[in-house]
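Colleague: Dropping the structure in here first, questions after.
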Amino acid sequence: MKSQLVNILLIEDDTVDSMDVQRAFKRSQTMNPLFVAKNTTSALAILRGEDSAQVMPNQRKLIILDIHLSGKSSWDFLETVAQDLELKKIPIIVLAADSQVQAKLEAKGYHATGYLQKPIKFEDLIEIMTKINQYWGICLIP
Numbered sequence: 001m002k003s004q005l006v007n008i009l010l011i012e013d014d015t016v017d018s019m020d021v022q023r024a025f026k027r028s029q030t031m032n033p034l035f036v037a038k039n040t041t042s043a044l045a046i047l048r049g050e051d052s053a054q055v056m057p058n059q060r061k062l063i064i065l066d067i068h069l070s071g072k073s074s075w076d077f078l079e080t081v082a083q084d085l086e087l088k089k090i091p092i093i094v095l096a097a098d099s100q101v102q103a104k105l106e107a108k109g110y111h112a113t114g115y116l117q118k119p120i121k122f123e124d125l126i127e128i129m130t131k132i133n134q135y136w137g138i139c140l141i142p
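Going by the UniProt record's numbering, the sequence shown runs without a break in its numbering and finishes at 142.
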């Protein structure tokens, strides 16, 4: 089955975690473009085409969201996306350093597509990024 490009937006405020995901993404040898936002305000600007520095194509999008952001919370972001007719069509994978059941339940309540615990080992992060890219590359998303 032929894989299609997916435009992926990573929302991660921790510089080290963001760099780790970007490195793992490169190591996964995918052709999918990766856009990065340090906060939810920047993320919304990128998603709505209001950020001239990062122009994200308007088709086949996927969001990878760190659930424990500082500033405007990830929960507020999920609520904003859920209320936007266009943005709510975008699949969202929630990442967290912990495996709290409450966070999982809240993410499901906000229609998050998936919930992944951040791995400790970098090799595991590479494997996760590879699988995300493979799965969403063949998944039929708008």
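Yeah, the Cβ is synthetic: ideal placement off N, Cα and C, and Gly gets one too.
For L44, which residues from the same chain have a beta carbon less than 6 angstroms from its beta carbon, with the 5 sequence-adjacent residues on both sides left out?
Modeller: Nothing meets the Cβ criterion.
Colleague: Just mark V101 as buried or exposed, buried being the case when its beta carbon has 16 or more other beta carbons within 10 Å.
Modeller: In this predicted model, V101 has a pLDDT of only 47, less than 50, meaning its place in the structure is not dependable; the value taken from the coordinates is given anyway. When all chains shown are included, V101 counts as exposed.
Colleague: Answer yes or no: do F35 and N7 have a C-beta to C-beta separation smaller than 9 angstroms?
Modeller: Yes, Cβ-Cβ distance for F35 and N7 is below 9 angstroms.
Colleague: Which of the three DSSP states, helix, strand or coil, is assigned to I132?
Modeller: Note: I132 maps to helix in three-state DSSP.
Colleague: For A53, count neighbouring C-beta atoms within 10 Å of its own C-beta (all shown protein chains included) and say buried if the count is 16 or more, exposed if not.
Modeller: Per the 10 Å Cβ criterion, exposed.
Colleague: Please report the distance separating the alpha-carbon of R27 from that of Y110.
Modeller: Using only the alpha carbons, I get a separation of about 31 angstroms.
Colleague: Can you tell me which residues form a DSSP beta bridge with Q117?
Modeller: Answer is A96.
Colleague: Just how far apart, CA to CA, sit Q59 and P119?
Modeller: Roughly 29 angstroms between the two C-alpha positions.
Colleague: Whole angstroms are fine: how far does the CA of H68 sit from the CA of Q134?
Modeller: When rounded, the distance between both Cα atoms is 26 angstroms.
Colleague: On the DSSP bridge list, what partners appear for F35?
Modeller: For F35, which the question treats as bridged, DSSP gives the partners L9.
Colleague: Any idea what DSSP makes of V101, helix, strand or coil?
Modeller: At V101, the pLDDT of 47 sits below 50, so the modelled position is not reliable; the number obtained from the coordinates is stated separately. Looking at V101 - three-state DSSP - the assignment turns out to be helix.
Colleague: In three-state DSSP terms, what is L125?
Modeller: Residue state, collapsed to three classes: helix.
Colleague: Determine, using beta carbons only, whether D66 and D13 come nearer to each other than 9 angstroms.
Modeller: Cβ distance < 9 angstroms, so D66 and D13 count as in contact.
Colleague: Could you tell me the boundaries of the beta strand (DSSP E) in which K61 lies?
Modeller: Per DSSP, K61 belongs to the beta strand (DSSP E) from K61 to D66.
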